[in-house]
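Structure first, commentary second.
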């Protein structure tokens with residue numbers, strides 16, 4: 157079964173992201189706007205207890221923190237993705253590194269860049285057109301992070317919460 161670890165931002169930020177995702181993100185109906193802390197990975201049921209124990213320890217040792225969203229950016233030419241960027245922040249990087257360790261260590265395909273995807277799988281010319289307009293948008297949003305979620309993927313491709321971990325450090 158496929159699992160992933162994410163942060164869901166507050167509703168106001170999700171609403172802003174969804175106003176773009178409706179048009180530009182084919183995964184809009186599969187998962188709410190989120191910051192991926194650990195990309196989708198396969199795990200069998202036998203390892204699930206070890207993984208949740210690990211995530212509980214990470215949550216127990218992590219203090220809640222604030223993040224700021226500060227601009228719209230793109231991963232082009234690596235990927236045709238447009239996203240709302242999280243301002244450089246050691247707390248979220250540390251959380252990511254702690255989660256992606258021990259029993260949950262996986263080789264990463266890309267460097268960790270915290271963000272909310274608002275458009276993906278776009279044709280080249282459409283990506284440039286949309287990004288050209290959106291990079292002018294003034295983004296100044298803050299979000300308190302006090303939890304993260306272990307998700308699993310359903311047979312229809314959508315994602316649902318398996319367990320929520322409250323930061324208590």
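In my numbering, the protein residues as written are 157 to 325.
Glycine included, C-beta positions come from ideal geometry on N, C-alpha and C.
Treat the numbers as computed from the prediction; the structure is a model and nothing was measured.
Helix, strand or coil at residue 198 [DSSP, three-state]: Of the three classes helix, strand and coil, the one that applies to residue 198 here is strand, per DSSP.
Nearest-angstrom Cα separation, counted from residue 197 out to residue 261: Cα to Cα, residue 261 sits roughly 10 Å from residue 197.
Same chain, Cβ closer than 6 Å to residue 252, neighbours up to 5 away in sequence not counted: Only 193 and 268 meet the Cβ criterion.
Span of the beta strand (DSSP E) around residue 309: In the DSSP assignment, residue 309 falls within the beta strand (DSSP E) that extends over 303-309.
Counted within 10 angstroms of its Cβ, other Cβ atoms place residue 218 as buried (16 or more) or exposed: Label assigned to residue 218: buried.
Cβ-Cβ distance between residue 306 and residue 186 below 7 Å: Using a Cβ distance threshold of 7 Å, residue 306 and residue 186 do not count as a contacting pair.
Cβ pair residue 274, residue 238 closer than 7 Å: In this structure, residue 274 sits near residue 238, with a CB-CB distance shorter than 7 Å.
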